[in-house]
Amino acid sequence: MSGAVADGYTGRRSTYASLRLAFLLFMADPQWLIPSMIAPVIFGLVSFELFRGYGHYYLTYAILGAGMMSMWGQTLYGSGWATGQDREFGTLEPTIQAPTPYLYVVLGRVLWNVVSGLLGGLIVYLVVVAAAGSPPALPDPLAFVVLFLFVMLTLAAVGVVFAAFYVYTRYAGFIQNVGEFAFYVGTGCMFPVVLLPFWTNPIALVFPPTWALDALRYASIPGYVGFSWGFWPDIAGAIGTTAAYLLLAGSVFHRVERHVLEEGNLDHY
Amino acid sequence: MALASQDGPAIETRGLTRVFQSRKGFLFRERTRTEALKGVDLTVERGAIFGLLGPNGAGKTTFTKILSTLLLPTDGTALVLGHDVTKETEWLRPRMGLVLGGERGLYNRISGRDNLRYFADLYGVPLAERERRIREVLERVDLLDAADRRVEEYSRGMKQKLHLARGILHRPEILFLDEPTIGLDPKSARETRKLIRSLVSDGVTIFLTTHYMFEAEELCPKLAILSKGRIVARDTVDNLRALIGGDRTIEVEDYGFEDRELAVLRGLPGVSKIVTEEFGPMLRLTLRIRTGETTVDGVRRSLPGHPELAVRERRTSLEDVYLDLVDEEVR
Ligand SMILES: Nc1ncnc2c1ncn2[C@@H]1O[C@H](COP(=O)(O)OP(=O)(O)O)[C@@H](O)[C@H]1O
Ligand SMILES: [Mg+2]
């Protein structure tokens with residue numbers, strides 16, 4: 000037998016393979032339409048009603064609130080959930096057995112979720128604009144788009160760490176479901192964190208999206224009062240926490256794999 | 000065998016032990032401790048098919064998963080192709096194929112071909128060769144026509160073929176097959192066995208587990224028998240057959256027997272063992288007779304009051320030897 004390990008896996012190729020698989024599974028399963036297409040419409044409408052009358056920039060608030068709601072679900076929930084599905088399908092074992100580190104598989108899925116999360120964000124935007132009959136007043140549309148993408152990336156970093164939990168235990172879904180609502184509110188997905196009781200702020204600051212979102216609001220809503228330190232420290236905080244998450248993910252994945260091989264629960268679901 | 004790595008055994012385990020501590024319940028945990036492997040020493044040479052035979056729960060899957068780097072042993076060592084399965088996973092994984100089989104383990108909503116593409120990428124099958132390689136293995140397992148249908152439309156036998164195709168896609172040096180024919184109808188099982196036999200000619204080492212003696216007999220020139228986490232025999236099929244010696248076997252069937260009657264049978268001259276099996280409403284007793292003059296008529300006479308009794312003598316088979324060795328009833 001020749002040709003074994005001829006050119007080996009590469010991280011980029013595995014990540015792309017995983018992205019492609021996520022896309023194929025998405026296309027094959029109509030239930031995905033609910034979180035990816037229908038939820039953003041509903042979030043958009045609810046958010047529009049909620050923020051109506053909150054000053055000149057209420058449309059931006061509405062878009063950001065609903066956009067984050069739907070993207071949170073897509074990016075973070077989707078990444079972890081796919082790993083939970085691997086458990087359910089029994090595909091986690093052959094995937095772990097393959098030479099590619101599982102981290103690349105997760106990265107591919109997170110990338111796919113970023114793409115479909117952006118689609119959700121776009122739907123929210125169109126729904127809110129349609130409901131209002133006019134586009135939001137954006138001081139700098141380009142900054143808005145760039146920072147929007149930036150928020151997505153910080154969400155993705157959280158998604159990678161979450162996926163590790165799904166490898167770790169079959170109870171991850173349960174834990175995430177309980178925690179999800181707290182996260183929605185806590186990270187300021189729906190409302191700016193500064194509107195929440197002060198004691199929640201330190202918790203929220205653990206999450207990279209909190210910082211990125213605050214920066215996004217500073218950039219797109221003139222007169223916005225968020226964290227007192229302002230726009231640039233927000234950006235620095237977002238980059239810092241995101242880097243920390245990615246470093247954490249790198250080491251966590253290695254340890255999680257070791258742990259599940261010790262426990263022998265890869266086929267449990 | 001250009002890239003095959005050195006000589007030496009394909010598999011070598013020393014004192015391999017695995018304990019499962021399982022917890023039941025989420026809040027109120029109850030611990031149970033299962034010793035699935037109790038110090039397994041086993042050496043398997045390269046090439047050919049080696050069979051690990053054992054009844055359900057013997058520890059076959061546990062052993063296979065440890066060797067294929069999906070599970071860590073609690074104690075002991077395991078080398079595959081001369082490399083430690085707990086430390087050298089990066090070296091080992093590309094050189095191993097694993098078929099756990101069953102209904103699970105595949106992405107059902109996409110096609111067989113897309114399943115293979117995904118795993119070809121994860122296994123690093125050369126990109127330029129990928130499509131050709133996929134076609135090759137699909138052809139080999141006779142799934143080419145169904146390649147672009149969703150796996151959920153596949154029969155159980157077709158899924159098993161796809162599992163096998165995935166296992167050989169990256170041309171592993173060693174292939175682990177855990178009960179590859181379990182749950183298959185007789186025709187698919189036969190096809191699968193034929194396919195497995197054809198793989199040996201590629202020079203790949205195949206490690207196969209099964210709980211069917213006839214399957215081991217058909218596929219594996221050498222085998223080991225695992226029972227309750229211990230190796231109880233390690234030999235060639237021919238030598239195991241020699242264990243039959245001059246033994247005779249008499250089968251007795253009826254709707255039921257009393258304990259008193261079993262005691263009478265056990266007391267017949269030369270009866271060394273009685274295995275009990277249920278077939279729906281029927282009970283079958285298999286008597287191993289070492290020496291002595293116990294005959295079909297003698298057995299019949301010692302069981303009066305059984306008008307429907309069926310008694311017959313048959314050749315002692317390897318299956319009987321196997322049952323002796325694992326000392327368990329197989330239903
Ligand atoms: N993940 C696990 N957790 C707890 N017990 C397990 C686990 N896997 C296997 N066992 C136990 O270990 C023993 C051997 O199982 P297994 O290796 O699956 O046997 P086989 O494949 O020969 O049927 C059984 O008693 C089984 O219940
Ligand atoms: Mg098994």
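Going line by line, the protein sequences match chains A and B. Per numbering that gives the first Met the number 0, residue 0 is the first one in the first sequence, and the count goes up by one each step. Per numbering that gives the first Met the number 0, residue 0 is the first one in the second sequence, and the count goes up by one each step. Where is the CB? At the ideal position from N, CA and C, for every residue including glycine.
For V310 (chain B), the enclosing beta strand (DSSP E) begins and ends at A309 to R313. Here R108 (chain A) is not near S13 (chain A), since their CB atoms are 8 Å or more apart. DSSP, reduced to helix, strand and coil, places E151 (chain B) within a helical segment of the structure shown.
Under a criterion of Cβ atoms nearer than 9 Å, no residue of chain B is adjacent to G119 (chain A); the nearest Cβ is some 22 Å distant. In terms of side-chain proximity, the C-beta atom of T180 (chain B) is found no nearer than 7 Å to any non-hydrogen atom of ligand 2. Counting only Cβ-Cβ distances below 7 Å, Q96 (chain A) has contacts in chain B at S67, T68, L69, R92 and L97, in chain order. A distance criterion of 7 Å places the beta-carbon of F19 (chain B) in contact range of ligand 1, judged by its closest non-hydrogen atom. Between the alpha carbons of V145 (chain A) and M70 (chain A) lies a gap of roughly 15 Å. Interface annotation, G123 (chain B): in contact with chain A, CB-CB separation under 8 Å. Interface with chain A (8 Å Cβ-Cβ cutoff): F118 (chain B) is included. In the structure shown, R108 (chain B) adopts coil according to DSSP, grouped into three states. The alpha carbon of D323 (chain B) has as its nearest neighbour, out of B:L91, B:R189 and B:R289, the alpha carbon of B:R289. Between the beta-carbon of E256 (chain A) and that of I33 (chain A) there is about 32 Å, and that puts the pair past the 8 Å contact cut. Rounded to the nearest whole angstrom, the C-alpha separation of R313 (chain B) and I249 (chain B) is 6 Å. Contact annotation for R12 (chain A) against chain B: D120, G123 and L126 [CB-CB distance below 8 Å, chain order].
For the pair L212 (chain A) and V166 (chain A), the CB atoms are not nearer than the 8 Å cut-off. T60 (chain B) has its CB nearer than 7 Å to a heavy atom of ligand 2. Listed in chain order, the positions of the segment 171–199 of chain B with a beta carbon within less than 8 Å of a beta carbon of chain A are P171 and E172. Checking the 7 Å criterion, the Cβ of G255 (chain B) is out of range of every heavy atom belonging to ligand 1. Pairing L222 (chain B) with L51 (chain B) gives a Cβ-Cβ distance under 8 Å. For D323 (chain B), the enclosing alpha helix (DSSP H) begins and ends at L317 to V325.
With a threshold of 7 Å, the Cβ atom of D266 (chain A) does not count as near ligand 2, since no heavy atom of the ligand is closer than that.
Distances taken from the Cβ of D74 (chain B) to the heavy atoms of ligand 2 include none shorter than 7 Å.
At a Cβ-Cβ threshold of 8 Å, G96 (chain B) and Y8 (chain A) do not count as neighbours. Under DSSP, M95 (chain B) shares a beta bridge with B:I173. In the three-state reduction of the DSSP assignment, D184 (chain B) falls in the coil class, being assigned neither a helical nor a strand state.
Taking 8 Å as the CB threshold, D83 (chain B) stays off the interface with chain A. Taking a beta-carbon distance threshold of 8 Å, A27 (chain A) counts as an interface residue toward chain B. Just measuring C-alpha positions, the residue of A:A61, A:G66, A:L106 and A:T90 sitting nearest G119 (chain A) is A:G66. Under the DSSP assignment, L106 (chain A) falls outside any beta strand (DSSP E), being part of the alpha helix (DSSP H) whose first and last residues are Y101 to A131. Only those residues of the segment 204–232 of chain B whose C-beta falls short of 9 Å from the nearest C-beta of chain A would be listed, and there are none. Contact note: F88 (chain A) reaches chain B through R103, G104, L105, Y106 and N107, using a C-beta cutoff of 9 Å and chain order. Secondary structure note for V205 (chain A): it is in no beta strand (DSSP E), with a DSSP letter that is neither H nor E. The beta carbon of F49 (chain B) sits no closer than 8 Å to any beta carbon of chain A. Of the heavy atoms belonging to ligand 2, at least one sits nearer than 7 Å to the Cβ of D177 (chain B).
Annotation for D237 (chain B): the continuous alpha helix (DSSP H) segment containing it runs V236 to A241.
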